[in-house]
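What follows is a short report on a single structure.
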Amino acid sequence: MTVKRVGIVGSGIMGTGIAECTAKNGYEVVVRSRRQETADAVVTSLEKSLAKQVDKGKLVDEERVAALSRVTATSDLGELSECDLVIESIVEDLTAKKHLFNELDRICHDSTILATNTSTLPVIELAMETGRPEKVCGVHFFNPAAVMTLVEIVRPLTASDETIAECRVFAETCGKQPVEVKDQAGFIANALLFPYLNNAVRLLESGVASQEDIDAAMKGGCGFPMGPFALLDLVGLDTSLAILDALYDEFRDPNYAPVPLLRRMVSAERLGRKSGRGFYDYHR
Ligand SMILES: NC(=O)c1ccc[n+]([C@@H]2O[C@H](COP(=O)([O-])OP(=O)(O)OC[C@H]3O[C@@H](n4cnc5c(N)ncnc54)[C@H](O)[C@@H]3O)[C@@H](O)[C@H]2O)c1
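If you're matching positions, the sequence shown starts at 1 in this note's numbering and goes up one per residue.
And the structure:
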């Protein structure tokens with residue numbers, strides 16, 4: 001089977017970015033959100049992003065028009081039935097994702113590969129919600145998905161070689177570098193990244209330095225492209241908390257136990273860029 005039509009479920013930060021790189025690289029894309037307005041907002045965001053790329057000379061206008069013509073937006077899960085690959089990118093919550101996989105399994109053609117963009121959750125639990133566990137795996141993009149080149153292909157115990165190979169080809173066609181990883185919380189990148197981000201919050205909480213100075217130290221002293229607080233705000237503090245909770249559940253390693261300040265910030269709805277305020281204020 002060759003993947004031609006890709007369904008994306010979820011219209012948040014990641015769903016929007018995945019829709020962009022998938023449409024730009026020649027796939028037909030169906031974006032599904034629970035509400036038609038939020039699905040349409042993905043297309044609006046795509047229009048803006050592609051227009052900007054044309055203005056900067058990074059994309060020719062015919063490519064912009066062609067990419068947009070390949071995208072449809074819907075609130076109807078049924079429109080994903082004929083997709084060759086569906087990528088789930090909804091909230092990092094196992095119960096919500098399990099419910100969705102159950103529905104997707106009922107709706108989608110038997111040959112459809114069902115993939116998750118989860119950052120940490122056990123892919124096997126999603127696979128076992130379906131009658132096709134050999135056709136379920138992780139296809140984990142990084143943020144911003146249209147820019148970052150890595151895709152982790154996560155192999156649960158049940159996935160077939162064919163499913164993994166199809167997803168590798170899909171990632172490569174999107175211009176990404178796929179790496180294969182076992183189904184273990186955090187996979188590669190987040191297993192290494194999140195103890196660092198969590199410890200940055202711990203430093204702040206203990207009053208060692210300000211967030212601005214910690215960010216400046218990691219950029220200027222370690223050559224990181226952005227500091228930990230700017231990165232947490234980009235990822236989303238709710239998503240970051242869910243990632244740390246899942247890592248801690250799996251390993252019981254204190255480095256993964258979310259620092260209380262992070263949980264309090266989520267309770268205060270300071271979620272980062274997406275809510276306008278996190279460690280930094282984006283309203284200004
Ligand atoms: N933010 C990142 O940096 C990043 C990077 C890689 C992977 N991910 C993963 O991508 C997924 C989405 O993250 P995001 O950053 O786009 O989040 P987001 O908060 O921007 O978007 C979440 C989406 O899920 C939808 N949603 C919320 N509850 C739902 C439910 N019960 N049922 C169906 N849909 C629901 C929301 O309407 C929204 O469209 C998560 O699994 C996350 O771990 C995030």
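Glycine included, every Cβ here is placed at the ideal spot set by N, Cα and C.
DSSP places Thr72 in the strand class (E or B) of the three-state scheme.
Bounds of any beta strand (DSSP E) do not take in Leu80, whose DSSP letter is neither H nor E. The segment 120-181 is shown to contain whole alpha helix (DSSP H) runs of 4 or more residues at 123-127, 161-173, in chain order.
According to the DSSP assignment, Ala51 belongs to the alpha helix (DSSP H) that extends over 36-55. Assignment of beta-bridge partners to Thr116 by DSSP yields Glu88, Gly138. Under the three-pair Cβ rule at 8 angstroms, the segment 111-124 counts as touching the segment 84-94. Counting along the chain, no alpha helix (DSSP H) covers Ile188, and no H or E run does either. Pairwise C-beta distances place the segment 22-34 out of contact with the segment 188-208, as fewer than three of them are shorter than 8 angstroms. For Gly17, the three-state secondary structure derived from DSSP is helix.
A Cβ-Cβ separation of about 18 angstroms leaves Leu197 out of contact with Ser267 under the 8 angstroms criterion.
Taking Asp233 as the centre and dropping the five residues before and after it, the same chain places the C-beta of Gly272, Arg273, Gly278, Phe279, Tyr280 closer than 7 angstroms to its C-beta, in chain order. For Gly7, the enclosing beta strand (DSSP E) begins and ends at 5-9.
Exclusion of Lys176 from the 7 angstroms shell around ligand 1 follows from its C-beta lying no nearer than that to any non-hydrogen atom of the ligand. In this chain, the alpha helix (DSSP H) harbouring Val235 covers 228-235. Met14 and Ala145 do touch by the CB rule: their CB atoms are close to 6 angstroms apart, below 8 angstroms. For Arg32, the beta-bridge partners assigned by DSSP are Val9, Thr74. The three-state secondary structure of Asp253, taken from DSSP, is coil.
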